[in-house]
Amino acid sequence: MASGFFAILDDIAALMDDVAVTSKIATQKTAGILGDDLAVNAEKATGFLSSREVPVLMKIMKGSFINKLIIVPFVFLLEWLYSPAIKFILIIGGFYLAFEGVEKIVEFLFHREKKGAEVIEEATEVNEDGEAVEKAKVKSAITTDFILSLEIVIIALAAAKDGYEALKSQFNPFLVEVVTVSIVAIIATVGVYGIVALIVRMDDAGYKLIKKSKSENGLLAKMGNLLIKALPLVIKALGVIGTLALLLVSGGIFDHNIDYLHHFLPNFPETPKHFVYGIVAGLIVVLLVTAYKKMFGKKVSH
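Each residue of the sequence shown is one higher than the last, beginning at 148 in this note's numbering.
Here's what the structure looks like:
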């Protein structure tokens with residue numbers, strides 16, 4: 148009995164060693180999109196009242212966990228049933244991300260500044276219907292997270308397959324892949340939203356440091372003021388980075404999953420090529436959505 152128990156422990160330890168190697172490869176492969184995921188979600192998690200920032204972030208994080216609980220088994224099932232379908236799903240998701248990115252650019256370039264009574268009226272509507280606005284933003288954030296999570300899980304699965312082949316493991320490849328992808332999915336959620344939580348609470352941390360400082364010119368006070376002043380700049384920067392990330396991720400999806408685009412201009416640098424693909428795809432969807440609104444007089448929400 149004892150020898151059997153220790154044999155099981157040895158098998159578990161060996162499995163964890165293999166998973167550690169494949170997880171390292173998978174996290175390296177997904178590092179870029181995890182950075183994009185951080186920028187996009189940090190930008191989407193801001194713009195709320197201070198008292199609502201953490202509750203809203205928890206709602207988005209919960210949605211992200213649910214997304215991954217759906218995506219991980221779905222991707223493995225699809226991989227088993229009909230793996231080419233994953234490519235088509237990714238491309239559809241790419242168009243959604245490109246649409247979001249280009250829509251933000253269009254809004255920034257052509258948004259008319261509201262003045263006087265219009266500002267007051269809009270502020271009143273937001274205050275009266277704050278719950279609906281919050282729900283809409285949370286829904287949008289969770290939808291975007293779903294697309295990014297799908298990309299992360301698929302990249303992690305591909306990396307786990309490569310890592311398993313390199314290891315020549317004694318264990319069933321399916322078992323190693325499931326554990327590896329699950330670990331990456333958990334890291335992607337807890338890590339990303341943990342960092343986002345730290346960003347959105349920078350000002351609170353700053354105020355606490357100022358209160359603890361014994362003088363206005365003390366080190367803690369200076370650090371506190373720095374955090375408070377830095378927050379608006381960080382939020383603006385994340386808005387820009389998040390928009391660029393949407394376009395780059397979408398462009399990367401098109402480049403890696405559409406053969407013609409992948410081999411188009413082979414000597415052209417990858418990053419600007421992804422950006423162009425994202426812009427073009429986003430413009431196409433924005434034009435289609437705008438035409439739909441004008442033809443049917445309906446508001447298309449995402």
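Note that the Cβ used here is the ideal one computed from N, Cα and C, for glycine as well.
All figures in this text were calculated on a predicted structure; none of them were measured in a lab.
TODO: Pull up the distance between the alpha-carbon of Ile342 and that of Phe257, whole angstroms please.
DONE: Within the sequence shown, the letter at position 195 stands for residue 342. Within the sequence shown, the letter at position 110 stands for residue 257. The alpha-carbon atoms of Ile342 and Phe257 are separated by roughly 32 Å.
Open item on the list: Counting C-beta neighbours from all protein chains within 10 Å, is the total for Tyr439 16 or more, i.e. buried, or is it exposed?
Closed with: Counting from 1 along the sequence shown, the entry for residue 439 is found at position 292. Around the Cβ of Tyr439, a 10 Å sphere holds fewer than 16 other Cβ atoms; the residue is exposed.
- [ ] With DSSP as the reference, label Lys361 as helix, strand or coil.
- [x] Taking the first residue of the sequence shown as 1, we reach residue 361 at position 214. If DSSP states are grouped into helix, strand and coil, Lys361 belongs with coil.
TODO: Give the secondary structure of Ser287 by DSSP, where H, G and I count as helix, E and B as strand, and everything else as coil.
DONE: Walking along the sequence shown from the start, residue 287 turns up at place 140. Residue state, collapsed to three classes: helix.
Task: Cut-off 7 Å between Cβ atoms - residues of its own chain near Lys174, not counting five sequence neighbours on either side - done: As a working note, residue 174 is residue 27 in the sequence shown. For the record, residue 174 in the displayed sequence is Thr; it is not Lys. The residues Val331, Ile334, in chain order, have a CB closer than 7 Å to that of Thr174 in the same chain once the five nearest residues on each side in sequence are set aside.
Task: The alpha helix (DSSP H) enclosing Asn404, as first and last residue numbers - done: Mapped onto the sequence shown, residue 404 falls at position 257. 366-404 is the span of the alpha helix (DSSP H), which, as asked, contains Asn404.
- [ ] Thinking His409 and His403 are a contact (beta carbons under 8 Å), I'd like their distance in whole angstroms, please.
- [x] Your numbering for residue 409 matches position 262 in the sequence shown. Your numbering for residue 403 matches position 256 in the sequence shown. So it is a contact: roughly 7 Å between Cβ atoms.
Task: Exposure label - Lys358; buried when at least 16 CB within 10 Å - done: Start at 1 with the first residue of the sequence shown, and residue 358 comes out as number 211. Classification of Lys358: exposed, given that the 10 Å Cβ count is below 16.
Open item on the list: Rounding to the nearest angstrom, what Cα-Cα distance links Asp165 and Asp350 in this structure?
Closed with: Numbered from 1 along the sequence shown, position 18 holds the residue referred to as residue 165. Numbered from 1 along the sequence shown, position 203 holds the residue referred to as residue 350. Distance between the alpha carbons of Asp165 and Asp350: 42 Å.
Open item on the list: Counting C-beta neighbours from all protein chains within 10 Å, is the total for Val102 16 or more, i.e. buried, or is it exposed?
Closed with: Given a span of 148 to 449 for the chain in the structure shown, any question on residue 102 remains unanswerable.
Open item on the list: Can you tell me whether Asn214 is helix, strand or coil according to DSSP?
Closed with: Translated into the one-based positions of the sequence shown, residue 214 becomes position 67. Asn214: helix per DSSP, three-state reduction.
Open item on the list: Determine whether the beta carbon atoms of Val300 and Val328 lie at a separation below 8 Å.
Closed with: Here residue 300 refers to the residue found at position 153 of the sequence shown. Here residue 328 refers to the residue found at position 181 of the sequence shown. Yes; because the gap between Cβ atoms is below 8 Å, this pair is in contact.
Open item on the list: Taking the alpha helix (DSSP H) that Leu244 belongs to, which residues open and close that run?
Closed with: Translated into the one-based positions of the sequence shown, residue 244 becomes position 97. Its alpha helix (DSSP H) spans residues 231-257.
Open item on the list: For the stretch 291-307 against the stretch 210-223, do three or more pairs of beta-carbon atoms, one drawn from each stretch, fall closer than 8 Å, so that the two count as touching?
Closed with: yes
TODO: Please report the residue range of the alpha helix (DSSP H) in which Pro419 lies.
DONE: Taking the first residue of the sequence shown as position 1, residue 419 is located at position 272. Note, Pro419: alpha helix (DSSP H), 417-443.
Open item on the list: Taking the alpha carbon of Ser287 as the reference point, which residue from Gly248, Leu304, Asp309, Ala305 has its own alpha carbon closest?
Closed with: Translated into the one-based positions of the sequence shown, residue 287 becomes position 140. It is Gly248 whose Cα lies nearest to the Cα of Ser287.
Open item on the list: Rounded to the nearest angstrom, what separates Met163 and Val436 at their Cα positions?
Closed with: In the sequence shown, the residue the question calls residue 163 occupies position 16. In the sequence shown, the residue the question calls residue 436 occupies position 289. Those two C-alpha atoms are separated by around 48 Å.
Open item on the list: Mapping the DSSP letters down to three states, classify Val273 as helix, strand or coil.
Closed with: Mapped onto the sequence shown, residue 273 falls at position 126. Legend: pLDDT at Val273 = 45, less than 50; position of this residue unreliable, value from coordinates given subsequently. Correct three-state label for Val273: helix.
TODO: Please classify Met205: is it buried, with 16 or more other beta-carbons within 10 angstroms of its beta-carbon, or exposed?
DONE: Residue mapping note: residue 205 aligns to position 58 of the sequence shown, counting from 1. Answer is exposed; the Cβ neighbour count stays below 16.
Open item on the list: With distance defined between alpha-carbon atoms, name the residue in Leu378, Pro379, Leu356 nearest to Met370.
Closed with: Residue mapping note: residue 370 aligns to position 223 of the sequence shown, counting from 1. When each option's Cα is compared against that of Met370, the closest is Leu356.
Task: Per-residue DSSP class, three states only, for Phe411 - done: Residue numbering aside, residue 411 sits at position 264 when the sequence shown is read from its first letter. Of the three classes helix, strand and coil, the one that applies to Phe411 here is coil, per DSSP.
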